[in-house]
Structures are given as C-alpha cells and as structure tokens.
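Notes follow once the structure below has been shown.
Here is the structure:
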C-alpha cells in the first residue's frame, strides 16, 4: 500500500510542471490546461487555474492557513450525488476527476482535501479520511457522511474539514458527527466511544480506495 501511494503521489506530481522559476512548483503547464479545456471545457480549466493559485499561495503558510485555504477552495465545488454525476450508486472520484467535472459528493471533498494537503507537505500520519454518521438539524435519523480530519499530534483532538459545516471545527464541537472508522494511505482505524479514541485494525484495503488509487 505504501509503494502504491508513493507511485500515485508521483503521478499526481507530474501534473505540475515548472513553467516558471523553480520556486513555483505547483504551476500546471499550458499544455495540460489546454488538454483539460478540450476534454472538459473552459470552466474546468478555470477551476484548475484557481486551484493552482490556492496551492501556490498556501505552500508557505502555517498549517491552519493551509487547512483553511484547502477546505474553502474545495467546498466551493458543487455537491451532486454519485448517481447523478457518474451514474453509479457509490463512486470515489480522484481529485482530477472531481475538479474536471466540477461536482461530487462528500467522499470526493474529503479525498480532494487529503491529497491537496499531502501535496502541500502535510504528513500522511496527521490526516485521516473519516466515515461518520451525520445528524442534521431537524432530522431524527443519521446519514452516512465523510469528512477529513487533521491531527496536530497523536491522540490530539482532530480538526474537521467538512463540506456540510464549512468552518474548521474541533471534533469535540461537532456533536452532529459520530465517527465510525477512518483511514489514510497507510492504515484503517475503528472509532471507539463516539470517536474520542480509535484503534488501528490493519491496512487500508477498502475496495473503493483501491479503485480510486488505480485510476490515479
């Protein structure tokens, strides 16, 4: 799994070719932008250009500003269910696919934020994509949902990056979320006592994750 992640991360990095001075490492080549516009349209190209600017401006910022910039950018992408976008009940889009079509659902936001922060140098050990049960205001039932969580250090209360409640929040303040399990490229964790602690249960062998990584 680690080898697969490093290979896929390298492939993602190939998208960003340096067409300006060496210190600007996140610029997308004009050739790639033209390919995107040809296949997905001018609006898709604009989304990639905006994302490039966010990544470029964020790389020298502190971690909280990195989290905010990435969270704010991806939360501007339209929410649409997988069945509408991909004609499938459950489809985990790559960040490239998500940005290209300009729409997706909760796991697409979480995955895109995860890879963006990895590209900005945030260690994998500090990030987890977390499957939760969400209780919306005025409803009596919980619904499946996915968010990204950032841990400043092991055992710390994580910060939640969410597309529903779009402000950065400590997990302890999100009483509407009940964690079930979490994962990153290196492992899978099962939540305990409403997410206050978790236990590692093994490697990340989730089928949808492996399928998404293969497309990267």
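Residue numbers (mature numbering (1 follows the signal peptide of the UniProt record, and there is no 0)): -22 to -1, 1 to 194.
The beta carbon of each residue, even a glycine, is placed where N, CA and C say it ideally should be.
It should be emphasised that the depicted structure is a prediction, and the values quoted were computed from it without experimental measurement.
Check                                                                                                                                           : Outcome
With burial defined as no fewer than 16 other Cβ atoms inside 10 Å of the residue's Cβ, what is the status of residue 38: buried or exposed?    : exposed
Compare the Cα-Cα distances from residue 203 to each of 45, 70, 130 and report the closest residue.                                             : Residue 203 is absent from the model: the chain starts at -22 and stops at 194.
To the nearest angstrom, how far is it from the Cα of residue 189 to the Cα of residue 181?                                                     : 15 Å
Could you tell me which residues DSSP pairs with residue 148 in its beta bridges?                                                               : 137
Buried or exposed: residue 101, going by 16 or more other Cβ atoms within 10 Å of its Cβ?                                                       : exposed
In the DSSP assignment, find the alpha helix (DSSP H) that holds residue 52 and state where it starts and stops.                                : 41 to 52
Which term fits residue 132, buried or exposed, when burial requires 16 or more other beta carbons within 10 angstroms of its beta carbon?      : exposed
What first and last residue would you give for the beta strand (DSSP E) that runs through residue 110?                                          : 105 to 113
Rounded to whole angstroms, what's the CA-CA distance from residue 11 to residue 175? Just pull it up for me.                                   : 43 Å
What is the residue span of the beta strand (DSSP E) that residue 35 lies within?                                                               : Careful: residue 35 lies outside any beta strand (DSSP E), inside the alpha helix (DSSP H) at 20 to 36.
Are at least three pairs of beta-carbons, each pair with one atom in the segment 81 to 99 and one in the segment 54 to 64, less than 8 Å apart? : yes
If you run the structure through DSSP and keep just helix, strand and coil, what is residue 1?                                                  : Residue placement at residue 1 is flagged as unreliable, the pLDDT there being 33, under the threshold of 50; the coordinate-derived value follows with that caveat. Of the three classes helix, strand and coil, the one that applies to residue 1 here is coil, per DSSP.
Who are the Cβ neighbours of residue 86 in its own chain at under 6 Å, not counting the five residues just before and after it?                 : 71, 76
Can you check DSSP and say which residues form a bridge with residue 181?                                                                       : Residue 181 pairs with nothing; no bridge assigned.
Which partner residues does residue 161 have in the DSSP bridge list?                                                                           : 107, 166
Would you mind working out which of 179, 116, 186, 194 sits nearest residue 249, comparing C-alpha positions?                                   : Because the chain is modelled from -22 through 194, residue 249 falls outside the range shown and cannot be assessed.
Are the CB atoms of residue 105 and residue 126 within a distance shorter than 8 Å?                                                             : yes
In the DSSP assignment, what are the bridge partners of residue 124?                                                                            : 109
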